[in-house]
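When you line the sequence shown up against our numbering, it's residues 22 to 623, in that order. Glycine included, C-beta positions come from ideal geometry on N, C-alpha and C. Here the structure is a predicted model, which is why all the values come from computation and not from measurement.
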Amino acid sequence: MPPMNAKSADTRKPKNTKATIKRLMSYLKEDKVKVGLAFVCVLVSSMTNLAGSYMLRPIINNLVADVSAAERISTLAINLVKMASIYAAGVLAAFFQARIMIGVSQRALLKLRGDLFEKLQDLPVRFFDTNNTGDIMSRFTNDVDTIGEMLNSTLVQIFQGIVSLIGTLILMFYTNFWLSIVTIVVAPIMAKIGTTIASRSRKRFTRQQAELGKVNAYIEEIVTGQKVVKVFCHEDKVIDEFETLNDSLKNAQIKAQFAGGMMGPSMNAMSQVNYTLTAGVGSILVVLGRLGRMGSFSALDIGGLTVFVNFSRQFSRPINELAQQLTIVMSALAGAERVFDVMDREPESDRGDIVLDHVHGDVVIDDITFGYNPDKTILKNVSIYAHPGQKIALVGSTGAGKTTITNLITRFYDIDKGKITIDGIDIFDINRSSLRENIAVVLQDTHLFTGTVMENIRYGRLDATDAEVRMAAITSNAHSFIQHLPEGYDTVLEGDGSNLSQGQRQLLNIARAALSKAPILILDEATSSVDTRTERDINKGMDSLMEDRTTFVIAHRLSTIRNADAIMVLENGEIIERGSHEELLEKKGRYYELYMGIKELD
Ligand SMILES: Nc1ncnc2c1ncn2[C@@H]1O[C@H](COP(=O)(O)OP(=O)(O)OP(=O)(O)O)[C@@H](O)[C@H]1O
Ligand SMILES: [Mg+2]
Numbered sequence: 022m023p024p025m026n027a028k029s030a031d032t033r034k035p036k037n038t039k040a041t042i043k044r045l046m047s048y049l050k051e052d053k054v055k056v057g058l059a060f061v062c063v064l065v066s067s068m069t070n071l072a073g074s075y076m077l078r079p080i081i082n083n084l085v086a087d088v089s090a091a092e093r094i095s096t097l098a099i100n101l102v103k104m105a106s107i108y109a110a111g112v113l114a115a116f117f118q119a120r121i122m123i124g125v126s127q128r129a130l131l132k133l134r135g136d137l138f139e140k141l142q143d144l145p146v147r148f149f150d151t152n153n154t155g156d157i158m159s160r161f162t163n164d165v166d167t168i169g170e171m172l173n174s175t176l177v178q179i180f181q182g183i184v185s186l187i188g189t190l191i192l193m194f195y196t197n198f199w200l201s202i203v204t205i206v207v208a209p210i211m212a213k214i215g216t217t218i219a220s221r222s223r224k225r226f227t228r229q230q231a232e233l234g235k236v237n238a239y240i241e242e243i244v245t246g247q248k249v250v251k252v253f254c255h256e257d258k259v260i261d262e263f264e265t266l267n268d269s270l271k272n273a274q275i276k277a278q279f280a281g282g283m284m285g286p287s288m289n290a291m292s293q294v295n296y297t298l299t300a301g302v303g304s305i306l307v308v309l310g311r312l313g314r315m316g317s318f319s320a321l322d323i324g325g326l327t328v329f330v331n332f333s334r335q336f337s338r339p340i341n342e343l344a345q346q347l348t349i350v351m352s353a354l355a356g357a358e359r360v361f362d363v364m365d366r367e368p369e370s371d372r373g374d375i376v377l378d379h380v381h382g383d384v385v386i387d388d389i390t391f392g393y394n395p396d397k398t399i400l401k402n403v404s405i406y407a408h409p410g411q412k413i414a415l416v417g418s419t420g421a422g423k424t425t426i427t428n429l430i431t432r433f434y435d436i437d438k439g440k441i442t443i444d445g446i447d448i449f450d451i452n453r454s455s456l457r458e459n460i461a462v463v464l465q466d467t468h469l470f471t472g473t474v475m476e477n478i479r480y481g482r483l484d485a486t487d488a489e490v491r492m493a494a495i496t497s498n499a500h501s502f503i504q505h506l507p508e509g510y511d512t513v514l515e516g517d518g519s520n521l522s523q524g525q526r527q528l529l530n531i532a533r534a535a536l537s538k539a540p541i542l543i544l545d546e547a548t549s550s551v552d553t554r555t556e557r558d559i560n561k562g563m564d565s566l567m568e569d570r571t572t573f574v575i576a577h578r579l580s581t582i583r584n585a586d587a588i589m590v591l592e593n594g595e596i597i598e599r600g601s602h603e604e605l606l607e608k609k610g611r612y613y614e615l616y617m618g619i620k621e622l623d
């Protein structure tokens, strides 16, 4: 499984636009009718907008027409009422459209987030080991947000922009042909100048974002590594480095903000030029028309000129907006692609369907070979036999492959060669959940969830009663420290139990495993961070915990495993020695060295 490309967060261009759009639209399928209705509303609101503006023509013409005052007023009143009703209809349509689209898009997002989260639970451990948390998180946050923005408003706005553009164009030509030609020639020139200015300032904004990213990344790194900075007295160096970054951010920001600030006024100036030009040419046409110098084809009345000037102003706006909205659509599609990429990942393999029942705990690891990556073998021809109730210890220097063996028993990773059986059944033929229900694990790097101590221990077996949880805590010797917590078992743990000591966290994890009734137990370094006295207490609790279970225990402190039925000494992924504590000591081999080494340290 290739890691998700960290760079893909920045490349905001979808790769397979068509397929992505199709798939994204499938999230709107259930609300097809509503989406259709929303678009009808958009159509209505854009058209009423145009019609409303056009109403100005009869209103103004009426003001300069050669009629009696009474007639002028009654016509004006009628026209104003018409105009007001048109605008009111438009506002209503816009309101319904927004209301419908928000509901539809939020429902789509709900489903998208739900699907993505469900998928995450199906993904193998390898996925989480090879992708960083921030990158996975951003699929839920940034990517889903941009998709939401697109569904919420952008799609509708684009449609609205196109309708307005076409509508304005038609009304312009309807009002006056020659003047329309002038606008059509001038507007693109203005738009071109506008986009040139915009792209220059965009470059500066991109630089500003990059500089900002650097500063943020630096702060994050130093905040998380603050202890290391302090231990090595790097404060001054860190401040210097920060100042350099901070300074470039300031410079980039000044440039970007200046360009950004200039953009509005210069765009405004452009549109003023266009406005003046249209008004000028238009006025000439009106005068010529009055003098009877134009054919009826090009005649322009004052009302016509007024609405035309308005239209020509509106004309360039949708073009600029469309360009912006297309960028949003592009980045939303790129986001959708990243979301779908996760959804398309290979889930945890599950071809077995045997559900275990009354497991004795006979575990056979038969000649397995495994590597996390195909090009690097970690375990070589490892065989271990554990009879029900036996305690098997795995020892060996760091990186030898001890945790890896347990990863294979729990099927966090799949074996390349060889097989593992439980009570004679190949673990690949066993249903994944059933397998894991029968194995209690104290992970080397474990996790506590936000919640009370009680809830955290209960994670080991969800149907356990409070009394059972307490019992498990007593067995694993966690009870005494829990009692001294401010709220006892109801103390809320936060941020992976950051308000506890390392040893206390481990005790809770052991309590979790103690609660589980699984016949097979895996303890990875369970006692490495507790003091000697606590360690002795845990060991006592452990012994009762391990009594009727097949146990694999990994420990760096060899004193903890002296009473194991068999000890496997691992070196570079191979078992180089095996036997009981006494046998191995007698052998005077690697175990003897390790044991004596530890002895000396004690
Ligand atoms: N997720 C992983 N992806 C790739 N390689 C890994 C992964 N986890 C471990 N390794 C590599 O596999 C080898 C064995 O690691 P393992 O965690 O099994 O060691 P260990 O014996 O448990 O060591 P320790 O005593 O430090 O816990 C190491 O060389 C390690 O770099
Ligand atoms: Mg390990």
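Name the DSSP bridge partner or partners of residue i?
i      : result
Arg599 : Met589
Lys412 : Thr572
Leu514 : Gly472
Asp374 : Paired residues: none, contrary to the question.
According to DSSP, is residue i part of a helix, a strand, or is it coil?
i      : result
Asn477 : helix
Ser418 : coil
Ser222 : helix
Tyr406 : strand
Asn498 : coil
Ala539 : coil
Val54  : helix
Ala461 : strand
Leu49  : helix
Asp487 : helix
Asp447 : strand
Val605 : Inspection of the sequence shows that residue 605 is occupied by Leu rather than by Val. Helix, per DSSP.
Asp166 : helix
Val521 : The sequence as given places Leu at residue 521; Val does not occur at that position. In the structure shown, Leu521 sits in coil (DSSP, three-state: anything other than H, G, I, E or B).
Asp545 : strand
Asp156 : helix
Glu673 : Limits of the chain in this structure are 22 at one end and 623 at the other, which puts residue 673 out of reach.
Gly182 : helix
Report yes if the C-beta distance between residue i and residue j is below 9 Å; otherwise report no.
i      : j      : result
Val403 : Tyr612 : no
Ser66  : Gly111 : yes
Ala414 : Gly481 : no
Pro145 : Ser370 : yes
Thr431 : Leu456 : yes
Thr69  : Ile121 : no
Asp628 : Lys438 : With the chain covering 22 to 623 only, the question about residue 628 has no answer from this structure.
Val590 : Leu605 : yes
Leu186 : Leu298 : no
Pro409 : His379 : no
Glu232 : Gln274 : yes
Terminal residues of the continuous alpha helix (DSSP H) containing residue i?
i      : result
Tyr296 : 256-311
Lys36  : Lys36 -> no alpha helix (DSSP H), and no H or E assigned at all.
Met351 : 323-364
Ala129 : 90-143
Phe433 : Neither: Phe433 is in no alpha helix (DSSP H) and is coded neither H nor E.
Val252 : 247-252
Ile80  : 77-85
Decide if residue i is buried, meaning its Cβ has at least 16 other Cβ atoms within 10 Å, or exposed.
i      : result
Gln6   : Outside the modelled stretch of the chain, which goes from 22 to 623, sits residue 6, for which no answer is possible.
Asp91  : It should be noted that the sequence gives Ala, not Asp, for residue 91. Exposed.
Ala290 : exposed
Thr572 : buried
Leu71  : buried
Arg311 : exposed
Leu494 : Checking the displayed sequence, the identity of residue 494 turns out to be Ala instead of Leu. Buried, by the Cβ-count rule.
Glu139 : exposed
Gly9   : Nothing can be reported for residue 9: it is not among the residues displayed for the chain, which extend from 22 to 623.
Asp545 : buried
Lys423 : buried
Ala355 : buried
Tyr406 : exposed
Pro339 : buried
Lys412 : buried
Asn530 : buried
With residue i as the anchor, note down where its beta strand (DSSP E) starts and where it stops.
i      : result
Phe391 : 384-391
Lys397 : Where Lys397 is concerned, there is no enclosing beta strand (DSSP E), given that its DSSP letter is neither H nor E.
Gly439 : 438-443
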